[in-house]
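Q: The numbering of the sequence shown is this note's numbering, which starts it at 279 and goes up by one.
Cβ atoms here follow ideal geometry from the backbone N, Cα and C, with glycine treated the same way.
Bear in mind that the values here come from a model prediction, so they are computed numbers and not experimental data.
Handing you this structure, nothing more for now.
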Amino acid sequence: MTRTKNGAVSASEYQTFMNGAFTNLDANGNGSLSAAETSKVLTPAQFSTLDANGNGSVDKKEFMTQVMKDFASADKSGDGQLK
Numbered sequence: 279m280t281r282t283k284n285g286a287v288s289a290s291e292y293q294t295f296m297n298g299a300f301t302n303l304d305a306n307g308n309g310s311l312s313a314a315e316t317s318k319v320l321t322p323a324q325f326s327t328l329d330a331n332g333n334g335s336v337d338k339k340e341f342m343t344q345v346m347k348d349f350a351s352a353d354k355s356g357d358g359q360l361k
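Okay, here's the thing in structure tokens:
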């Protein structure tokens, strides 16, 4: 991740980090996350939120869509950075 060292996390920094997090969580490398793969970091309710299509797994698009929504919600000033 490219860091600006300005005390804030930009949307692009966060997106890069979360792409890596998805890869790390995908233990079997099949391109989707199961509830078992995420059980140490997500509650069942959080997993269900990520599983937008309800098929029992979370693909990278579902994952990234939700985490970037979370970033936008946390960005109260709307400046594209979390401080």
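When the Cα atoms are used, what is the spatial distance from T321 to L328?
A: Using only the alpha carbons, I get a separation of about 11 angstroms.
Q: Would S312 pass as a contact of S288 if the rule is Cβ separation under 7 angstroms?
A: No. Outside cutoff.
Q: I want to check one thing, is the minimum distance from the CB of M346 to the heavy atoms of the ligand NAD below 6 angstroms?
A: The ligand NAD is absent from the structure shown, which contains no ligand whatsoever.
Q: Looking at the strands, I want to know which residues DSSP matches up with S288.
A: Paired residue(s): Q359.
Q: Inspect the beta-carbon positions of S310 and D337 and report whether they are closer than 7 angstroms.
A: Closer than 7 angstroms, so yes.
Q: When you compare only the Cα positions, how much space is there between G307 and T301?
A: Their backbone Cα atoms lie some 8 angstroms apart in a straight line.
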